[in-house]
Each structure stands twice: as C-alpha cells, then as structure tokens.
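Novice:
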Amino acid sequence: QVDAVRVYVNSSSENLQYPVLFVVRQQKGVLSWQVPLIFRGLYQRTYNYQEVSRTLCPSEPTPETRPSDQIIFVDVASMAPFNIAYELLVTRLENFQLETNKAFNFTASPSQPQYFLYKFPQDVDSVIIKVVSDAVYPCSVVSVQDIVCPVYDLDHNVEFNGVYQSMTKKAAITVQRKDFPGDQFFVVFVIKPEDYACGGSVPSSIHGNVNRTWNLQRTKNLQVTIVPSIKKSVYVQAMFFSFLSFLSFYLGSVVVAFVHYIRHLFRSTDMKLTVPFGSVSITGSGIMTSSHPITASTPEGSSYGAIDESSSSGGRQLSSPERRPPAGSDTDSSVEEESDFDTMPEIESDKNVIRTKVFLYLSDLSRKDRRIVSKKYKIYFWNIITIAVFYALPVIQLVITYQTVVNVTGNQDICYYNFLCAHPLGVLSAFNNILSNVGHMLLGFLFLLIVLRRDILHRRAMEMKDVYTLDYGIPKHFGLFYAMGIALMMEGVLSACYHVCPNYSNFQFDTSFMYMIAGLCMLKLYQTRHPDINASAYSAYASFAVVICLAVLGVVFGKNDMWFWVIFSMIHVLASLALSTQIYYMGRFKIDGPDSDLGIFRRAAMVLYTDCIQQCSRPMYMDRMVLLIVGNLVNWSFAIFGLVYRPRDFASYILGIFICNLLLYLAFYIIMKLRSSEKLLPIPLFCIVATAVVWAAALYFFFQTLSSWEETPAESREKNRPCILLGFFDDHDVWHFLSAAALFFSFLVLLTLDDDLDVVRRDKIPVF
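Residues in the sequence shown are numbered consecutively from 1, following the UniProt record's numbering.
#1: Within the same chain, show all residues whose beta-carbon is closer than 6 Å to that of Arg-646, passing over the 5 residues directly before and after it, in chain order.
#2: Name the DSSP beta bridge partners of Val-406, please?
#3: Excluding the 5 residues flanking Ser-78 on each side, which residues of the same chain have their C-beta closer than 6 Å to its C-beta?
#4: Where does Asn-215 sit, in a helix, a strand or coil, going by DSSP?
#5: Is the beta carbon of Tyr-377 less than 9 Å from the beta carbon of Leu-480?
#6: Quick one: grab the DSSP three-state call for Ala-575.
#7: Give me, in chain order, the residues of the same chain whose beta-carbon lies closer than 8 Å to that of Met-344; leave out the 5 immediate sequence neighbours on both sides.
#8: Using a threshold of 9 Å, state whether the C-beta atoms of Gln-70 and Val-5 are closer than that.
#9: Count the other C-beta atoms from every protein chain shown that fall within 10 angstroms of the C-beta of Gly-558, then say buried if there are 16 or more, exposed otherwise.
#10: Looking only at its chain, what residues have a beta carbon closer than 6 Å to the beta carbon of Val-275, apart from the 5 residues adjacent to it on each side?
#11: Using the C-alpha atoms, what's the distance from Ser-126 back to Val-148?
#12: Determine the direct distance from the alpha carbon of Val-555 to that of Ile-548, and round the result to whole angstroms.
#13: Going by C-alpha to C-alpha distance, which of Leu-443, Tyr-417, Arg-40 and Arg-459 sits closest to Cys-723?
#14: Counting only the same chain and skipping the five closest in sequence on each side, list residues whose C-beta sits under 6 Å from that of Phe-638.
#15: Measuring only the C-alpha atoms, how far is Ser-576 from Phe-650?
#16: Tell whether a beta-carbon distance below 9 Å holds between Ala-487 and Ile-384.
#17: For the putative contact between Glu-718 and Lys-169, defined by C-beta atoms under 8 Å, what is the C-beta separation to the nearest angstrom?
#18: For Tyr-361, does the count of other Cβ atoms within 10 angstroms reach 16, so buried, or fall short, so exposed?
#19: Which residue's Cα is closest to the Cα of Ala-742: Asn-105, Asn-95, Pro-424 and Leu-443?
#20: Please look up how many angstroms separate the CB atoms of Phe-544 and Gly-519, rounded, as I've assumed it's under 8 Å.
#21: Give every residue of the same chain whose Cβ lies closer than 6 Å to the Cβ of Glu-194, excluding the five residues on either side of it in the sequence, and list them in chain order.
#22: What is the DSSP secondary structure of Gln-582, reduced to helix, strand or coil?
#23: Can you tell me the Cα-Cα spacing of residue 769 and Val-202, whole angstroms?
#24: Would you mind reading off the limits of the beta strand (DSSP E) that contains Lys-119?
#25: To the nearest angstrom, report how far apart Gln-217 and Pro-110 are at their CA atoms.
#26: Please classify Pro-594 as buried or exposed, where buried requires at least 16 other C-beta atoms within 10 Å of its C-beta.
#27: Report buried or exposed for Ala-461, applying the criterion of at least 16 other Cβ atoms within 10 angstroms of its Cβ.
#28: DSSP on Met-570, reduced to helix/strand/coil?
#29: If Cys-57 sits next to Val-188, beta carbons under 8 Å apart, how far is it from one beta carbon to the other, in whole angstroms?
#30: Quick one, are the C-beta atoms of Ser-133 and Val-190 less than 9 Å apart?
#31: Below 6 Å CB to CB, which residues in the same chain sit around His-736 once its five sequence neighbours on both sides are set aside?
#32: On the DSSP bridge assignment, give the partners of Tyr-47 in chain order.
#33: For Pro-766, which of helix, strand or coil comes out of DSSP?
#34: For Met-562, does the three-state DSSP call read helix, strand or coil?
#35: Alpha carbon to alpha carbon, what distance is there between Val-254 and Gly-473?
#36: Rounded to whole angstroms, what is the Cα-Cα separation between Leu-398 and Asn-407?
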C-alpha cells in the first residue's frame, strides 16, 4: 500500500500584492504555491481562491525494508509588512490507490485538484479509465501521467505531461501497460476555472476590477472506475470475423457463377428462338449465336453492327415498301411519328431529328460507333485511378501527421473517437474503426472481378460476331462499372484514413468518394438507355471537383455565414434547372439565335412559351417531365432547408442531396421498366430486396450517434457508448460493415437490372 499526504491551507488575506507562499520539500521533489491562488481565463479574467488543497508526491516503500517515516518540510513565508493569518492542515489519504473494477467517488475544484495511483494487475495488459459525473459543468480535465514528481495537477500545467482529455459528464482513456515501464501511473483530475473549453458560455470581455472573481464555487462530484480492456485474442477474432464475413461474398459469387455455368450446359441445346433474319440459340448465359452470316457491307458502328439492311434499328426503318417492318412485328409509335418527317436518309440519320421524337427507343440513342463509345467510357476508369492516387497520398500523409501529434502531445481532444470502444494497435488509437472499413475494399475488388467476367464474356461474343452483341439488349459498356468498383475501394481507404483521427477538418475524406459513387451510379443509370448522349468523363469529374470544393467551403463558411448559404442555394437551384433542361431535351437544347445580342433571350422565351404555356396541359415528353418536376421539388426543398436551418454538417448535407436524387432516379427507372412490361429476373430482384434490407439496417446504426465533431470534444464524449459486437466493434463499425454490403448490392442492381433485355431488339426497348 502506497502512502500519500494531502496538505490543506487557508488564508483570509485578499492582498494580491503580498500573497502567502507555501513550499513543501520532500525527499524527491519540491512543491510550491501561493494563497490567494490565481487562475487566469479569457480576456485577462482572474479567478482567486483562498482555500487550496494539494496532494504531495507519494512515497513508496522499498521491497527490502518496511515502510519508513518520511520527513516533510513545509515552509510558509510572505513579504507583507503586516501579519497574515493562515491555516495549515496535513492529512494522510486512506484511499489513494485505485482498484480494478471498483468505483471510487470524490470531489474536486480548481484550487483542490485530485490524483490517484493505479497499478496494473499481473494478468492485465490494458485498462480503460471510465469517469462519470452527474453534472455537465464545471468543465474538467482527466489526465494520465507517469510516476514522476512533481505531478502536474493545475489548470495551467496539466497538459505538460501524459495523456489528457476534457470532460463534462463522461470521459474514457485506454491505457496500455507497455506505455508505463513501472506498471503504474497517476490518474489526475483538474477542474477548469471556465467552461468555454467544454462548450459552456464564453465570458464577455470586461475591463477593470470586474475581471477578478473570488472563491467561485466550482466543485464537481466525480466517479472513477478502472476496468480491464480486451485481450489480444479478441483482436485476432475481430480480424478473422472481418475478413471471413466478406470473403463469404466471394464464395457466394463463385456458387452463383457455377450454377450459372451448369444451367448453361443443360439449356444450351434446348432453347431455340426463330427471328426473321435467322436461327438464334439462346444459352443459359444469355449469349446468342446466329446461323445467319453478317453482311460484309455492313457499315462499322451502325447501331453497334447490323446483320443486314432489313434488320436495321427502329431509327432506320422507313415507310417505303422496300423497308417495311419485319413480318409479324407490331408497328411501334416511333415509326408512326416518323411519318411527319421527310424519309430522306440524311434526315433519318440526323440526331437532332431523332431525339425530338415523342417515343424514343434504344436504337435511336445507340447509333455511334461501339468502339468509340466504349473508349469514351473507359476514360472514367483511368481517370478515377489517377484521381484516387493523387487524392489518397496526401490524405494518408496528413492523417499520419494527425496521429503523430496525438501520440506526442497526449491531447486526446484532437480526435473525436468513441473512447468507450477505441481499441489501440501500434500507433493507431482506434484500430477497430479502421479495420471495419475492410469490407469496402474487399467488396469493391469483388465487384471489379464480376464486371471483368462479364466484360470477358462480352468480348468473346464480339469476336464470334454474335447477334447478342449487335442488335439485342442494352449496349455493353463497362467503363463506368470499373470506375464504381474503384470508387468503392477508395471509399474504404479514405474512410479508414478519416477514422485514424476523425475531426471536422478531415471529414471530407470520408465523403468525397461517396459523392463520386452516387454521381457515378446516376450516370450509369442514365447511360443504360442513353449511351450516345451521356456525360463525358472529363465533365463528370469536373462536376465532382466543384462539389468537393463547395463541401470544403461549406465546412469553413457554412456554420454561421448567411451569404454562403444564399450563394449555394442559388447555385443548387440553377444547376438543377440546367440539368433538367439537358435531360428533358436529350442534350439538344441550344441557346442560339440571330447574331444580335437578343437572340439568346428570344430563343429562351420561345422555348418557355412553346413547352410551358402552349403545352402546359400535356408536355411533349410526359414521363421525363414528371421525373424532372419531382426531382426539382426535392432539390428546391433541400435548398430551402439549407437556407433556413443552415446545418453545421455541410458535407453530410450535400451527400444527402446526392443520395436522394439517386434513389429518386432509381425508383423512377424501376417503375418505368415495369410499366413498359419488362421483367425483373430473380438475381436483380434478389439484389433489390437485399439492397433495401441492408440499407435499412445500415442506416439504423448510422443514426446511432457515438461522437460529433460539430460539438466540443467534451460534449462529443457524452455520446460515447460501449462496444456491441465481439466486444471490439461499436455501432459505427457495424454501419461500415452493412454500408459496404449495401453498396455492393446496389452496384449489382445496376449491373443486372436489364439482363432480361438481352433477348430484346433495341428498336423495341423504350427510352425513359
């Protein structure tokens, strides 16, 4: 048992010019202070205390001898030319050493700090110091310091040594035996003279004697409990769980591919379909082989390759007797619309004319050379790799610097962890938050493998000149899918980087690639039936760069500056209108006119009058109009909400805009698909259900807020909660696991959603 002595002094003197000086001399150190004891706050405020109580550095008996008496000298002095009364009381502390799993209650104040000793038991390598209080204020500091005298236990020096964090109602510090060679440490409790560091009110700037405060009552009741942390075996179990959980997705993918292959073997000779241009065999994998030779004179890239002139897409069918629709086929509405135009081939091939038809089919928007379009979409893949490298390297360097600063300074207020479930490993303070992001990387790589398999099968079919690859189904362009897979992997990398030291200044690392994932998914959904008019990779990534720039500006200026929200809301509304115009007119809306400066305004007025006034009762493109009206209402609602409430978490606010637009467009796409009498095959249907279920579960854990960098570190720690999975992972880690699976299933939905159209001609696939 370690003995400790506490010295209490009191003086009635309020003369700051002649304070009473107390000097305590011990065998291994000297401790001194004055009465009145002065603490300094903001704006030169001073807080004076006439009662002071300090714990002296304890003496520990040596193993060879029994406890011996310790000699302590207490010197009292003052330069005052008059007598000053004081009171001195020395007491022995009965409960100086804290015990494992046993709560201890005590009180502390700014002039009467407390500290206690803790020794590691033989079988414990790591402990968690849990401190709680019923009162939010006064603000306090919990510090863990090595056994060194003197102990830094005042407000102005508690940060000089060890590890520390501010506290309101809750604090938790994980301590490892390896950091303390003596297998013991001090737990220090300091009450701050002001509360602004913990989110309390900031004192006003007042000059003069009013800045002096005497004997302010700031006593706080605290309870400390030291419990053993997890053992090394739990780390191993958590790592196995993380990797095996997501490797099971690889196993499931192999099983599905194997079943697909077996079905292909059994059904390849059974299913036959006869079409006007030859016999087509449909295999289990959806690939068809044609017995009709490809005409040598077929122009390269015409509707992704044509069998002959009679099989050209709906966009090339003419009303002349020589080019009638195939026997037995229904005359679709697009052919009826073409009767209004001249049937000259030049007019038929003019994209401006084709895209203004009321009823568009996929063949109308898949007329460009397949190789050129495919290369255009591959740029998405190569660009995102370049972006990922240049974005990730400085991010990794920055978070390493953050972690180094935390480890060197001991300031645990820099990073917003869930301290009740923050398990260190090596130099990392919260390894569990980093490990839980492995799912994004593993499932992103698995998605790349699935896309690669489809790409290889498509290339083989192209080499065989299968009809499947020419005039049937959705055009196969995999560049955006590859980009989505890389984005999912990078989301895992950058989320892990953010959780190395989560705070407001690096939260954009966790959301940047989420913006890109949402944007790429919307682009892919639009590209499916608009392959010729989708945005280029350069314009898409430039748009993402603008969004990320706005996110950075929002973090800096979005808290209190009204001018920023006004500008952002205007940009948001105008961008929504501009994008809606491009979508509604299939990219053919041009603000042009006569050479005069008024030409632009005349053109805009004419379009508004024609499409919004004359046809107000029924727009020319009804389905598109409904989608765009709902989409604009949603986006305008977001803009109004941001303008009125000005949310502090601007990055999540932008992410919410992206996700809502993506969900709206996906719902519209599925509804229009079912409305067009198209089917949902079992695999995409399963993926849709799995996506909905997993996203619902993931969002439940996402909204279990465990910390918040919108508040002070002390206030954030009030939200901390213990681990819920394997004693290693908290709610936010479960969100990481489930969100990775949900994103993976979402990608599979986009990849497989239109597999039912592989046997449908493109001139029969509607565009919406």
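Virtual Cβ for every residue (Gly too), placed ideally from N, Cα, C.
Specialist: Walking through what the data contain:
#1: Trp-565
#2: Beta-bridge pairing links Val-406 to no other residue.
#3: Tyr-18, Val-20 and Ile-84
#4: coil
#5: yes
#6: helix
#7: For Met-344, the pLDDT reaches just 39, beneath the cut-off of 50, and the residue's location in the model is therefore unreliable, although a value from the coordinates is still provided. Contacts found: none.
#8: yes
#9: buried
#10: For Val-275, the predicted model reports a pLDDT of 42, less than 50, meaning its position is unreliable; a value from the coordinates is still stated below. Excluding positions up to five away in sequence, the list is empty.
#11: 21 Å
#12: 11 Å
#13: Tyr-417
#14: Ile-657
#15: 19 Å
#16: yes
#17: 5 Å
#18: buried
#19: Leu-443
#20: 6 Å
#21: Gly-41
#22: helix
#23: The chain is shown from 1 up to 768; residue 769 falls before or after that span and cannot be answered.
#24: 114-119
#25: 9 Å
#26: At Pro-594, the pLDDT of 46 sits below 50, so the modelled position is not reliable and the matter cannot be decided from this model.
#27: buried
#28: helix
#29: Contact doesn't hold; Cβ gap of about 12 Å is too wide.
#30: no
#31: Ser-436 and Asn-437
#32: Phe-39 and Thr-213
#33: strand
#34: helix
#35: 25 Å
#36: 14 Å
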